[in-house]
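Each residue of the sequence shown is one higher than the last, beginning at 18 in the working numbering. Comments concern the structure below.
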Amino acid sequence: MQQKWLFALFLFSWTIGFAQNDSIVKFDDSSRQPVAVSQEEIDAYLTDSAFDYEVVQQEEIGWWNDITNWFYNVLIQFFEWLFGVESAVGYLAIFLRILPYILLAIFLYLIIRFFLKVNVRSLIHNEKNPNTVVLSEEERIIKTEDIQQLIKNALAENNYRLAIRYYYLFILKLLSERELIDWQRQKTNDDYSNELSNSPLKDHFNKATWLYDYIWYGEFNIDQEHYTKAETVFASLKKSILGNA
């Protein structure tokens with residue numbers, strides 16, 4: 018029994034001594050040599066794109082991009098529903114991207130045509146057409162010219178589009194002479210239509226106005242056959258005006 022206690026005491030003393038020896042911190046006392054870096058290595062590091070950490074600030078997306086992106090997504094969903102495809106690719110994707118701009122251009126064109134009632138193409142190219150009756154001449158033609166003779170002259174030259182122009186001015190002259198409208202140079206054809214609201218001539222006048230706008234302002238060059246059809250509408254309106262006197 019005494020031998021067991023001596024052995025245990027010896028083992029305990031040996032363990033403590035080993036732990037103390039193991040806890041001693043050893044320092045590296047070897048000599049240190051600085052690492053030399055050449056200028057070529059520094060330049061290579063500075064020009065390496067892998068170490069370029071420049072932060073590029075993303076441009077803010079404006080309201081117009083929000084609208085076009087929303088419209089594009091709506092079109093994508095529509096075509097997916099219509100054709101049963103998952104996404105638009107290729108030419109279809111390109112078309113859908115530019116479609117909002119096309120629609121906007123058409124909308125602006127129609128607005129300009131509706132409010133200004135001018136020959137947009139001639140205004141852009143600044144071309145002078147000897148057959149064109151500019152807006153400043155309307156008053157002179159209506160008040161001083163023999164419009165029926167102007168119509169005959171235009172027909173003799175096969176200028177049916179110009180004949181329609183004169184015929185419409187002749188209609189305005191008849192309406193003004195019979196005090197059915199108050200003709201003023203600054204007024205529009207819509208103003209005259211409103212002045213005829215209580216007259217049975219309004220529907221006939223609106224139809225003639227539509228033909229005039231389509232042929233004259235739309236630069237639609239008509240032939241004799243088309244002129245004859247349009248002339249029937251104007252002649253019927255003329256007869257109604259004279260019969261309304």
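Note that beta-carbon positions come from the ideal geometry of N, C-alpha and C, so glycine has one too. Note that the structure is predicted; figures quoted are calculated from it, not measured.
Continuous alpha helix (DSSP H) stretch holding residue i: start and end
i, result
"Thr245", "241-260"
"Lys169", "164-173"
"Ile198", "Per DSSP, Ile198 belongs to no alpha helix (DSSP H) and is neither H nor E."
"Tyr234", "Element bounds for Tyr234: n/a, residue is neither H nor E."
"Ser210", "206-212"
"Asp65", "That residue, Asp65, is in no alpha helix (DSSP H); it is neither H nor E in DSSP."
"Asp230", "No alpha helix (DSSP H) holds Asp230; DSSP gives it neither H nor E."
"Arg157", "155-161"
Top-ranked residue by Cα proximity to residue i, from the options
i, options, result
"Ala180", "Ala247, Ile123, Ile119, Phe88", "Ala247"
"Trp200", "Asp220, Lys224, Glu155", "Glu155"
"Ile84", "Ile59, Ala61, Ile115, Asp60", "Ile115"
"Leu191", "Ile164, Lys204, Asn176, Ile59", "Ile164"
"Lys160", "Arg178, Asn175, Asn211, Leu189", "Leu189"
"Tyr234", "Ile129, Asp208, Tyr209", "Ile129"
"Asn231", "Leu127, Glu174, Ala252", "Reading off the sequence, residue 231 comes out as Tyr, not Asn. The residue with the shortest Cα to Cα distance from Tyr231 is Leu127."
"Tyr244", "Lys255, Leu259, Leu254, Leu228", "Leu228"
"Ala252", "Glu236, Lys224, Asn238, Glu174", "Lys224"
Close Cβ partners of residue i (< 8 angstroms) along its chain, the five nearest in sequence each way excluded
i, result
"Ile168", "Ala180, Tyr183, Tyr184, Phe187"
"Ser55", "none"
"Ser257", "Pro217, Leu218, His221"
"Glu212", "Leu197, Ile198, Asp199"
"Asp240", "Tyr177"
Nonlocal neighbours in the same chain, by C-beta distance under 7 angstroms from residue i, ignoring five residues either side
i, result
"Pro217", "none"
"Gln203", "none"
"Asn238", "Arg178"
Close beta carbons around residue i, own chain, < 6 angstroms, minus the five adjacent residues each side
i, result
"Asn261", "none"
"Thr226", "Asn206"
### Task
Would you be able to state if there are at least three C-beta pairs under 8 angstroms between the stretch 229-248 and the stretch 189-205?
no
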